[in-house]
Amino acid sequence: MHDDMQVIRQLQLEKCLIDGQIPCRWSPDLGFGYGYPLFNFYPPLPYIVGQVFRTLGFSFIATVKLAAIAQILFSSLAMYLLASSIFGPLGGSLAALFLTYAPYHAVNIYVRGAMNEAWASVFFPLIFYFSMSLIQNDKKIFGILGLGLSFTGLLLSHNPMALTFLPFLSVWILYWLLTNPKNKIKKSVKSLLISGLLVIGLSSFYTLPVLFETKYVQINNMFENYYHYSVHFVSYFQLFFSNFWGDGSSVWGTEDKMSFMIGYLHWIIPVLTSIYFAYHFIKKRKLTKLQYLTLILILLGFFSAFMTHQKSLLLWTIISPIQKVQFPWRFLNHTVFLLSLSVAYLAVFIKKMPFVKRHIFYFFTIIILFL
Numbered sequence: 027m028h029d030d031m032q033v034i035r036q037l038q039l040e041k042c043l044i045d046g047q048i049p050c051r052w053s054p055d056l057g058f059g060y061g062y063p064l065f066n067f068y069p070p071l072p073y074i075v076g077q078v079f080r081t082l083g084f085s086f087i088a089t090v091k092l093a094a095i096a097q098i099l100f101s102s103l104a105m106y107l108l109a110s111s112i113f114g115p116l117g118g119s120l121a122a123l124f125l126t127y128a129p130y131h132a133v134n135i136y137v138r139g140a141m142n143e144a145w146a147s148v149f150f151p152l153i154f155y156f157s158m159s160l161i162q163n164d165k166k167i168f169g170i171l172g173l174g175l176s177f178t179g180l181l182l183s184h185n186p187m188a189l190t191f192l193p194f195l196s197v198w199i200l201y202w203l204l205t206n207p208k209n210k211i212k213k214s215v216k217s218l219l220i221s222g223l224l225v226i227g228l229s230s231f232y233t234l235p236v237l238f239e240t241k242y243v244q245i246n247n248m249f250e251n252y253y254h255y256s257v258h259f260v261s262y263f264q265l266f267f268s269n270f271w272g273d274g275s276s277v278w279g280t281e282d283k284m285s286f287m288i289g290y291l292h293w294i295i296p297v298l299t300s301i302y303f304a305y306h307f308i309k310k311r312k313l314t315k316l317q318y319l320t321l322i323l324i325l326l327g328f329f330s331a332f333m334t335h336q337k338s339l340l341l342w343t344i345i346s347p348i349q350k351v352q353f354p355w356r357f358l359n360h361t362v363f364l365l366s367l368s369v370a371y372l373a374v375f376i377k378k379m380p381f382v383k384r385h386i387f388y389f390f391t392i393i394i395l396f397l
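Here the numbering used here = 1-based position in the sequence shown + 26.
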């Protein structure tokens with residue numbers, strides 16, 4: 027895998043804890059034995075999770091593997107929680123299945139070894155779920171705490187993912203605010219702000235050093251030459267049609283030695299769903315609330331895919347903070363999350379099928395996904 031530093035990072039976190047460094051700041055063995063402040067700037071959450079397994083007696087190698095397995099399980103469960111609350115248990119199962127088997131999900135774990143980026147995807151559905159719950163329910167404390175803890179988890183997993191996730195979260199929150207009774211909007215906005223303050227408080231031990239102490243370390247070379255964002259745009263063919271699989275690196279142009287495919291069913295089903303919505307709108311001159319929501323998810327998912335292509339260069343140039351993401355194809359994390367969630371609308375069609383046809387559909391869907 028590309029990033030094979032998980033074991034040494036886990037070791038350094040453990041040494042921090044043994045030394046009584048809470049939170050961990052200084053990694054004593056890195057930097058050719060001189061040490062450097064790794065976890066002052068590198069999100070620690072995956073290694074905090076790993077430390078649970080270390081405490082149970084597992085080796086460092088086993089700990090890394092178990093943390094990866096835990097990420098896959100938790101992301102699936104989180105997606106089920108979100109999708110089932112909107113589309114029902116069947117929709118939740120479909121969304122969780124599609125997210126779990128998204129090719130880029132496997133790329134993060136098995137090819138890139140991007141443990142932090144993978145753990146960030148656990149919190150996307152949780153943040154959506156708790157923000158929706160906060161706006162819809164009269165008892166705000168559950169949503170405030172859940173949203174605060176979830177977004178803190180995202181920041182402590184991968185801060186570039188938190189940055190790029192914000193626009194999609196903003197659209198999601200705006201949708202639920204606009205579809206909520208007007209007399210509840212003010213209270214919901216107030217609760218969202220309280221949750222934001224909770225995030226600031228919980229994550230400040232990490233985010234404040236990142237914001238105010240980065241100027242004291244050398245990081246410019248992390249965004250230059252090979253690591254400049256303009257080097258790593260991908261083609262539409264790589265996104266939608268190529269089934270290439272490799273464990274090499276991302277390079278200039280389209281000769282990359284790793285996969286960037288969204289997944290055939292992951293984009294074909296949303297496209298067919300959009301066509302159905304267009305037909306439904308032409309015929310009945312309206313869409314249901316659930317159809318509007320699904321359409322928004324599809325549009326956001328394809329916009330996220332667009333951000334991985336060179337045609338989005340103008341946006342990358344104008345919105346300078348996202349240039350720190352390094353690799354535009356990191357937006358695929360959002361693409362597979364949003365499109366997998368939109369696939370849950372299939373549950374509406376499946377429920378209308380006769381019993382036999384419904385189970386035939388289940389069978390072939392599982393076979394296709396495993397293939």
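Don't be surprised by glycine CBs; every beta carbon is placed ideally from N, CA and C.
Going by other Cβ atoms of all chains shown within 10 Å of its Cβ, with 16 needed for buried, is Asp282 buried or exposed?
Label assigned to Asp282: buried.
In three-state terms, what does DSSP make of His360?
If DSSP states are grouped into helix, strand and coil, His360 belongs with the helices.
For Gln36, I'd like the list of residues in its chain whose CB is within less than 8 Å of its CB, leaving aside the five on either flank, ordered along the chain.
Contacts found: Tyr73, Gly76, Gln77, Arg80, Phe86, Thr89 and Val90.
Can you look up Ser276 in the DSSP assignment and give me helix, strand or coil?
Three-state DSSP puts Ser276 in coil, outside helix and strand.
Identify the continuous alpha helix (DSSP H) that holds Ala14 and give its terminal residues.
Here the chain comprises residues numbered 27 to 397, so residue 14 is not present and cannot be evaluated.
When we look at the beta-carbon of Pro347 and count the other beta-carbons within 10 Å, is it buried (16 or more) or exposed?
Its Cβ having fewer than 16 others within 10 Å, Pro347 is exposed.
Per DSSP, cross-strand counterpart(s) of Val374:
DSSP output for Val374 lists no bridge partner at all.
How many whole angstroms separate the CB atoms of Ala373 and Phe113, which I take to be in contact at a CB cut-off of 8 Å?
The C-beta distance from Ala373 to Phe113 rounds to 5 Å, short enough to meet the 8 Å contact threshold.
Can we say the region 163-174 touches the region 117-125, given the rule of at least three CB pairs closer than 8 Å?
Because the criterion of three Cβ pairs below 8 Å is not met, the region 163-174 and the region 117-125 do not touch.
What residues match up with Met284 in a beta bridge as DSSP calls it?
Its beta-bridge partners are Asp273.
Please state the DSSP three-state secondary structure of His335.
Three-state DSSP puts His335 in a strand.
Cβ neighbour criterion (16 or more within 10 Å) applied to Phe267
A residue is called buried once 16 or more other Cβ atoms fall within 10 Å of its Cβ, and Phe267, having fewer, is exposed.
Taking the continuous alpha helix (DSSP H) assigned at Lys41, which residues delimit it?
If you look at Lys41, you'll find it in the alpha helix (DSSP H) that goes Gln32 to Ile44.
So, at 7 Å on beta carbons, what are the nonlocal neighbours of Leu182 in its own chain, with the 5 sequence-adjacent residues on each side left out?
Annotation for Leu182: Pro69, Pro70, Leu71, Ser229 and Tyr232 place their beta carbon closer than 7 Å to its own, counting only its chain and skipping 5 residues before and after.
From what residue to what residue does the alpha helix (DSSP H) around Gly83 run?
Where Gly83 is concerned, there is no enclosing alpha helix (DSSP H), given that its DSSP letter is neither H nor E.
Ala140 to Gly227, Cα distance in whole Å?
If you draw a straight line from the Cα of Ala140 to the Cα of Gly227, it comes to about 27 Å.
For the 8 Å Cβ check, are there 3 or more pairs between the region 100-110 and the region 139-159?
Touching, per the Cβ criterion.
Determine the direct distance from the alpha carbon of Leu319 to that of Tyr201, and round the result to whole angstroms.
About 8 Å.
Taking 7 Å as the limit between beta carbons, can you name the residues of its chain near Ser119, skipping five residues before and five after?
Cβ neighbours of Ser119 beyond the five flanking positions: Tyr106.
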